[in-house]
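J.: One structure, as structure tokens, below. Some questions next.
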Ligand code: PFF
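Residue numbers (the numbering used here): 176 to 653.
See the structure below:
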């Protein structure tokens, strides 16, 4: 069976016709890191760290990133480069019977794209807030709610963000995606380091006369908190960290397969995987370093429990408390978040465009225009999900969803563990891990952790993914 998959892939590779690709290792790493670093790192990671025991969550996350993250990322990129194809065709090339998995994988970005530009639009709105000096108004509890329930505003910002994304994708892999990421990613990194350092210098005395400093906030962030820890709770933290890794590294959704298909044979996949992980985990850690001390200084430990509203409700309050400086720090923060969201959104649209180009034999321009029209309409519907099309849908995991949450739940909580489970069976047991290892070692490259890779893909990934899938469906309790 191993040989059969390989032959099909080789045969298909001869026919592949790639219009362009990344210029080299750095271009690829920037673009892949651009996809990985997004709202997940800036908002979701700090919020989970605050909820799940600070340093304890961080240690668990890093261990999982170096084992699971490494395995899933190596698999996706290698599948992409070896087959030279996008998810639907790539899985078919690996084993014709598994084409369905390629189709399911393709559905993830197809669903994510319906709402990612809407979130990008929210961030863009806050960039405008700090540009025009509306920071005080944004610090009120009602501001965010009033914005997303205003049909005109919510739609306007979502559409603008969608069109900027489409512009980058329209310009192609090298001149659009690589160029955009290579400029925005370093700028974003400098900004996040600067804001994190600034957050550590903060100090505030509240109405009760209690003074809190940024350094104390740092201790809250990094110190492992074992209070009330039980096996069940540890399991929950583990699962939180696991699902965060998926989302954060953009794996198991065909994105890294598509980006992998654009890299040349002289790129060292093993090194690239480590670089992408380093970038992604580094930005997540820095985001926590920036957000947790800021919230702690102005709102104390209680403030950090805000959860999802942390970024759009709590942070504007923090910026407002900084008086004159807040406007600049707020602008820097949301501008950086907008860059991170744009490079991620680009990777989602690119994956859909690339699959459609391959399947329907379309030119990039035509595929991009057609899909932009389709997804602009979808974004409008999702953006109106808080006003005109408001729904309250109970989910199996116990939460109540609007349209956006529903799309997010189906794609991330439900489909991604399912896809990783099946692809670890395909790679680990049907075609064999050597199919991937061969690609990583192509041209005499070193793959030091291949023993770990083999073990993870065959035994650990399938089991953990199955547990994660059960948890997301509510079968395991949440
Ligand atoms: N990896 C991105 C983040 O951490 O925010 C999120 C993301 C990008 C998710 C692209 C999904 C996606 F298709």
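For every residue, glycine included, the Cβ atom is placed at its ideal position computed from N, Cα and C.
Quantities reported herein were computed from a predicted structural model and do not represent experimental measurements.
I'd like to know if the segment 269-281 and the segment 449-460 are in contact, where contact means that at least 3 CB-CB pairs between them fall below 8 Å.
T.: They do not touch, by the three-pair rule.
J.: Give a single yes or no on whether residue 284 has its beta carbon closer than 7 Å to a heavy atom of the ligand PFF.
T.: Yes.
J.: Restricting to Cα atoms, I'd like to know which of 645, 626, 648 is closest to residue 242.
T.: The candidate whose alpha carbon is nearest that of residue 242 is 626.
J.: Looking only at its own chain, which residues have a Cβ that is under 6 Å from the Cβ of residue 533, when we skip the five neighbours before and after it?
T.: Taken in chain order, the residues that qualify are 261, 264.
J.: Measure how close the beta-carbons of residue 546 and residue 524 come, nearest whole angstrom, since I'm counting them as under 8 Å.
T.: Right, their Cβ atoms sit about 7 Å apart.
J.: How would you write the range of the beta strand (DSSP E) that residue 387 sits in, first residue to last?
T.: Taken as a continuous stretch (DSSP letters only), the beta strand (DSSP E) holding residue 387 covers 386-388.
J.: Whole angstroms are fine: how far does the CA of residue 580 sit from the CA of residue 222?
T.: Straight-line Cα distance between these residues: approximately 17 Å.
J.: Is residue 622 closer than 8 Å to residue 612 when the C-beta atoms are compared?
T.: Result yes, Cβ atoms of residue 612 and residue 622 sit closer than 8 Å.
J.: Within 10 angstroms of the Cβ of residue 434, are there 16 or more other Cβ atoms? Answer buried if so, exposed if not.
T.: Residue 434 should be labelled buried.
J.: I think residue 289 touches residue 522, with their Cβ atoms under 8 Å apart; what is that distance to the nearest whole Å?
T.: Rounded, the Cβ-Cβ distance is 15 Å, inconsistent with contact.
J.: Once DSSP output is grouped into helix, strand and coil, what is the label at residue 380?
T.: If DSSP states are grouped into helix, strand and coil, residue 380 belongs with the strands.
J.: Just mark residue 466 as buried or exposed, buried being the case when its beta carbon has 16 or more other beta carbons within 10 Å.
T.: With 16 or more other Cβ atoms within 10 Å, it is buried.
J.: Leaving out five residues on either side along the sequence, give the residues of the same chain with a beta carbon under 7 Å from the beta carbon of residue 463.
T.: Answer for residue 463: 220, 221, 224, 396, listed in chain order.
J.: Alpha carbon to alpha carbon, how far is residue 514 from residue 199?
T.: Each residue's alpha carbon lies about 22 Å from the other.
J.: Please state if the CB of residue 195 and the CB of residue 347 are separated by a distance shorter than 8 Å.
T.: Going by C-beta atoms, residue 347 is nearer than 8 Å to residue 195.
J.: Counting along the chain, where does the alpha helix (DSSP H) carrying residue 226 start and finish?
T.: Here the alpha helix (DSSP H) through residue 226 covers 220-226.
J.: Quick check: is any heavy atom of the ligand PFF less than 7 Å from the C-beta of residue 287?
T.: Within the cutoff, so yes.
J.: When burial is assigned at 16 or more other CB atoms within 10 Å of the CB, is residue 535 buried or exposed?
T.: Exposed, by the Cβ-count rule.
J.: Let me make sure I understand the geometry here. Which of 647, 609, 641 has the alpha-carbon closest to that of residue 630?
T.: If we check each option's Cα against that of residue 630, 609 comes out closest.
J.: Along the chain, which unbroken stretches of the alpha helix (DSSP H) at least 4 residues long are found entirely within the segment 368-455?
T.: Runs of the alpha helix (DSSP H) inside the segment 368-455: 389-397, 406-424, 430-436.
J.: Going straight from the alpha carbon of residue 231 to that of residue 291, what length do you get?
T.: Their Cα atoms are separated by approximately 30 Å.
J.: Report yes or no: do three or more beta-carbon pairs, one from the segment 499-508 and one from the segment 363-370, lie closer than 8 Å?
T.: Touching, yes, given that three or more Cβ pairs across the two stretches are closer than 8 Å.
J.: Just to confirm my understanding: we take residue 387, look at its own chain, exclude 5 residues before and 5 after, and list those with CB closer than 7 Å. What are they?
T.: Excluding sequence neighbours, residue 387 sits near 379, 471, 472, 475.
J.: Are the CB atoms of residue 636 and residue 599 within a distance shorter than 8 Å?
T.: In this structure, residue 636 lies closer than 8 Å to residue 599 by Cβ.
J.: Can you list, in chain order, the residues of its chain with a C-beta nearer than 7 Å to that of residue 357? Leave out the 5 residues immediately preceding and following it.
T.: Answer for residue 357: 202, 205, listed in chain order.
J.: Report yes or no: is there a C-beta of chain E within less than 8 Å of the C-beta of residue 582?
T.: No chain E is present in this structure, which holds just one protein chain.
J.: Locate the alpha helix (DSSP H) running through residue 634, then write down its first and last residues.
T.: Looking at the DSSP string, residue 634 is not in any alpha helix (DSSP H), and its letter there is neither H nor E.
J.: Considering Cα atoms alone, identify which of 603, 209, 256 is closest to residue 616.
T.: Of 603, 209, 256, the residue nearest in Cα terms is 256.
J.: Quick one: what does DSSP say residue 491 is sitting in, helix, strand or coil?
T.: Residue 491 falls in the helix class under three-state DSSP.
J.: Leaving out the 5 sequence neighbours to the left and right, which residues in its chain are closer than 8 Å to residue 179 when beta-carbon positions are compared?
T.: Confidence at residue 179 is low in this model, with a pLDDT of 47, below 50, so the placement of that residue should be treated as unreliable; the coordinate-derived value is given next. Taken in chain order, the residues that qualify are 270.
J.: Nearer than 7 Å: is that true of the beta carbon of residue 428 relative to any heavy atom of the ligand PFF?
T.: Yes, since a heavy atom of the ligand PFF falls inside the 7 Å radius drawn around the Cβ of residue 428.
J.: For the alpha helix (DSSP H) containing residue 586, list its first residue and its last residue.
T.: Segment: none, residue 586 is in no alpha helix (DSSP H) and carries neither H nor E.
J.: Restricting to Cα atoms, I'd like to know which of 486, 338, 323 is closest to residue 216.
T.: Comparing Cα positions, the closest option is 486.
J.: For residue 569, list the residues DSSP reports as bridge partners.
T.: Answer is 575.
J.: Taking all protein chains shown into account, decide if residue 520 is buried (16 or more other Cβ within 10 angstroms of its Cβ) or exposed.
T.: With 16 or more Cβ atoms within 10 Å of its Cβ, residue 520 is classed as buried.
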